[in-house]
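**Student:** Under the working numbering, the first residue of the sequence shown carries the number 22, and numbering increases by one thereafter.
Think of the CB as a built atom: it goes at the ideal place given N, C-alpha and C, for glycine as much as any other residue.
What you are looking at is a predicted structure, and each value in this text was computed from that prediction instead of being measured.
Handing you a structure now.
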Amino acid sequence: MRIKAILEYDGSKFYGMQIQPHKKTVQGEIQNALYKLNINSQIQHAGRTDRGVHALNQVISFNSPYFWEIEKLQNSLNKILHPYIHIKKLKKIIFDILGFFLHKSSVSLISPIIFFSSFKLQMDNCFFTRGFSCQKIA
22 MRIKAILEYD
32 GSKFYGMQIQ
42 PHKKTVQGEI
52 QNALYKLNIN
62 SQIQHAGRTD
72 RGVHALNQVI
82 SFNSPYFWEI
92 EKLQNSLNKI
102 LHPYIHIKKL
112 KKIIFDILGF
122 FLHKSSVSLI
132 SPIIFFSSFK
142 LQMDNCFFTR
152 GFSCQKIA
């Protein structure tokens, strides 16, 4: 099953979000925590932070075996990741797209939220660049 996680972290202990060789990173620590729980999954993240930058609502996603209960998985990860990374919320997701960028004078991250409701695909806060448009589906 695919899991969306919202996390916060103290970036002063890390060399940024994205994995770097021989450096302590947030993604690396989360992947190590998943491996300790016998979950072998690559993490997708909706944005990156640089060395020393904190995050309050970073969104990531990863795969997990179906036998994991969400609450137990969250508690287990938080025990391993404490004290510098905290998983605020885990949620099963059906379909995920992370990491779309809106280009203006600088690059800003926009994370689309796509979900299924009453067999209709709905899209909110969805932005695409270079000729694509995104409309809310009624």
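1) Assuming Tyr30 is part of the beta strand (DSSP E), what are its boundary residues?
2) Could you tell me if His75 is buried or exposed, where buried requires 16 or more neighbouring beta carbons within 10 angstroms of its beta carbon?
3) Rounded to whole angstroms, what is the Cα-Cα separation between Lys113 and Lys44?
4) Relative to the alpha-carbon of Glu29, which residue among Arg23, Gln41, Gln48 has its alpha-carbon at the smallest distance?
5) Should Lys25 go down as buried or exposed, given a rule of 16 or more other Cβ atoms within 10 Å for buried?
6) Using a Cβ distance threshold of 8 Å, determine whether the region 88-101 contacts the region 62-74, with at least three qualifying pairs required.
7) Just mark Ser33 as buried or exposed, buried being the case when its beta carbon has 16 or more other beta carbons within 10 Å.
8) Would you call Phe88 buried or exposed, if buried means 16 or more other Cβ atoms sit within 10 Å of its Cβ?
**Tutor:** Checking against the coordinates, here is how it stands:
1) Within the sequence shown, residue 30 is the residue found at index 9, counting from 1. For Tyr30, the uninterrupted beta strand (DSSP E) segment begins and ends at 23-30.
2) To locate residue 75, count along the sequence shown from 1; it is residue 54. The residue is exposed, with fewer than 16 neighbouring Cβ atoms inside 10 Å.
3) Numbered from its first residue, the sequence shown carries residue 113 at position 92. Numbered from its first residue, the sequence shown carries residue 44 at position 23. Approximately 30 Å, taken between the alpha carbons.
4) Counted from its first residue, the sequence shown places residue 29 at position 8. Out of Arg23, Gln41, Gln48, Gln48 has the C-alpha closest to the C-alpha of Glu29.
5) Translated into positions along the sequence shown, residue 25 becomes position 4. Taking all protein chains shown into account, Lys25 has 16 or more neighbouring C-beta atoms within 10 Å of its C-beta and is therefore buried.
6) Contact between the region 88-101 and the region 62-74 is absent, because fewer than three Cβ pairs lie under 8 Å.
7) The residue given as residue 33 occupies position 12 in the sequence shown. Counting Cβ neighbours within 10 Å, Ser33 comes out exposed, since fewer than 16 surround it.
8) Sequence index remark: in the sequence shown, residue 88 carries index 67 (1-based). Of the residues assessed, Phe88 falls on the exposed side of the cut-off, its CB having fewer than 16 other CB atoms within 10 angstroms.
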